[in-house]
Every structure is written in structure tokens, then in C-alpha cells.
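Notes for the one structure printed next.
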Amino acid sequence: MRFKLKYQDNKTLGIQYIGNPVACVRLLDETTESGNQKQSYVCTISRWDNKLPEHAVQLLTKVEVEEWKAWKAAHDAAFRRKQLEASLDALPLTLSYAATALTEEACTVDEAQKTAIWLALDAFNRAMVKAGIDRPTRGRGRPSSTKLASPEIGMPIMPNLEQLGSPLECAYRGIVERYKALQARCVAEKSDTD
Numbered sequence: 001m002r003f004k005l006k007y008q009d010n011k012t013l014g015i016q017y018i019g020n021p022v023a024c025v026r027l028l029d030e031t032t033e034s035g036n037q038k039q040s041y042v043c044t045i046s047r048w049d050n051k052l053p054e055h056a057v058q059l060l061t062k063v064e065v066e067e068w069k070a071w072k073a074a075h076d077a078a079f080r081r082k083q084l085e086a087s088l089d090a091l092p093l094t095l096s097y098a099a100t101a102l103t104e105e106a107c108t109v110d111e112a113q114k115t116a117i118w119l120a121l122d123a124f125n126r127a128m129v130k131a132g133i134d135r136p137t138r139g140r141g142r143p144s145s146t147k148l149a150s151p152e153i154g155m156p157i158m159p160n161l162e163q164l165g166s167p168l169e170c171a172y173r174g175i176v177e178r179y180k181a182l183q184a185r186c187v188a189e190k191s192d193t194d
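Heads up: the sequence shown begins at 1 in our numbering, then just goes up one per residue.
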């Protein structure tokens with residue numbers, strides 16, 4: 001059994017992304033004239049489903065269901081790893097912008113935010129120490145300036161999403177709706193387990 005993710009092109013944004021559907025394809029014992037193994041389409045499921053839908057359970061064998069569970073665990077682990085890597089890559093720039101916001105007094109920080117920020121920084125500091133990432137020793141003399149580009153210089157201006165019906169606005173709304181649906185599904189599944 002193979003589980004094929006479908007890649008989709010967003011021509012408006014010029015990006016390719018992985019869609020939600022996963023095609024379940026059964027490998028057959030026969031081969032094509034070119035020597036490739038023949039495949040038979042079984043069903044399509046969502047890659048975010050934690051349980052197989054009823055129609056898929058009826059169509060797949062017990063061995064194939066176990067293969068799906070192994071594929072799902074590997075898929076979720078790889079997706080989480082990519083998310084965590086992206087978070088770590090974005091951290092220096094995010095902290096730089098947050099520092100700029102505080103120095104320019106662009107916003108005020110209430111008590112709840114202050115507590116949350118310090119707790120997050122303490123947790124991150126502990127994780128850095130646990131991972132063996134020590135603070136680099138400071139050289140003699142003036143501290144080196146590692147100034148990152150400010151948001152207005154380093155990042156392109158965000159397009160106006162208020163132009164209703166524009167392709168960019170429609171793409172953005174689609175992403176927001178999918179995110180809200182995913183959140184609702186997670187909340188529903190969490191309440192079902194409780």
C-alpha cells in the first residue's frame with residue numbers, strides 16, 4: 001500500500017504546497033510493459049485524520065490499516081519536525097523585531113504578556129542549556145553588532161487583503177478557513193477523548 005500526497009500549485013502566490021487529500025493506492029503483483037509495478041486506486045482520505053474514515057476502513061485490509069498507522073506516525077513526526085525547524089529558524093528575526101517594538105515603544109506589554117514572555121524565555125534558555133548550546137564567549141573590546149534588517153527594510157510590504165474578491169484575498173481566506181476547521185476538529189477530538 002502506498003499513500004500519495006497530492007501537491008497543488010497556487011498560481012496567484014506562485015507556490016506549491018501539499019494538499020489535504022491522500023490517495024491510498026494498492027500495489028499489485030503485476031507489472032507494466034515498462035517494468036513498473038501496477039497500482040490500483042482504493043480511496044482518498046484526509047492527511048489530518050487521526051482515525052481512518054469508515055469508508056476507508058471498509059475498503060482496506062487489516063494489514064493496510066496497520067501500514068496506514070505507520071505512515072501516519074511517520075508523516076506527523078516529519079511534519080512536526082519541519083514546524084519546529086521553521087520556528088527555530090524564525091526565532092532570531094522574531095526576537096529582533098520584538099526588541100525593536102519594545103525600544104520604539106510601538107506597543108505596550110500588559111502583565112499577562114510580561115509573565116508569558118519571561119516564562120517562554122526562561123523555558124527557551126533551559127532548552128538551550130539542555131541541548132548543549134552554550135552562550136558564545138564575548139570577545140574583548142566593543143560587542144559585535146549583529147543587526148538584523150528592520151521589518152520595513154527586510155520584508156516586502158504586505159499586499160492589501162481588503163480588496164474583496166481578489167485572488168490573493170480568496171487564497172488567504174481559504175487558508176484561514178482551513179486553519180479554523182482544523183482547530184475545530186482538534187477541539188472536538190480532544191473533547192471526545194475527555
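Heads up, the beta-carbon is just placed ideally off N, CA and C, and yes, glycines get one too.
Around T32, the same chain offers K38 as residues with beta carbons nearer than 8 angstroms, after the five sequence neighbours per side are excluded. Cα atoms of A86 and E30: separation of roughly 42 angstroms, rounded to the nearest angstrom.
Under a 10 Å Cβ-count criterion, A181 is classified as exposed, with fewer than 16 other Cβ atoms of the shown protein chains found around its own Cβ. By the Cβ-count criterion, V22 is buried, with 16 or more other Cβ atoms from all chains shown falling within 10 Å of its own Cβ. Counting along the chain, no alpha helix (DSSP H) covers N50, and no H or E run does either.
The way I'd put it, the region 86-102 doesn't touch the region 51-58; fewer than three beta-carbon pairs between them come closer than 8 angstroms. Taking the Cα positions, R178 is about 22 angstroms away from C43. The shortest C-alpha to C-alpha distance from V63 to any of D49, I117, L27, R81 is the one to L27.
For N125, same chain residues with a beta-carbon under 7 angstroms away, outside a window of 5 residues either side, do not exist. Using a 10 angstroms sphere on the CB of I45, the tally of other CB atoms reaches 16 or more, which defines it as buried. Judged by beta-carbon spacing, W71 lies beyond the 8 angstroms limit of L52, meaning their Cβ atoms are not closer than that value. Distances from the alpha-carbon of V187 to those of G35, C107, N50 put N50 closest. Taking C-beta separations shorter than 7 angstroms and ignoring five residues to either side along the sequence, the partners of A171 in its chain run N10, T12, L13, following chain order.
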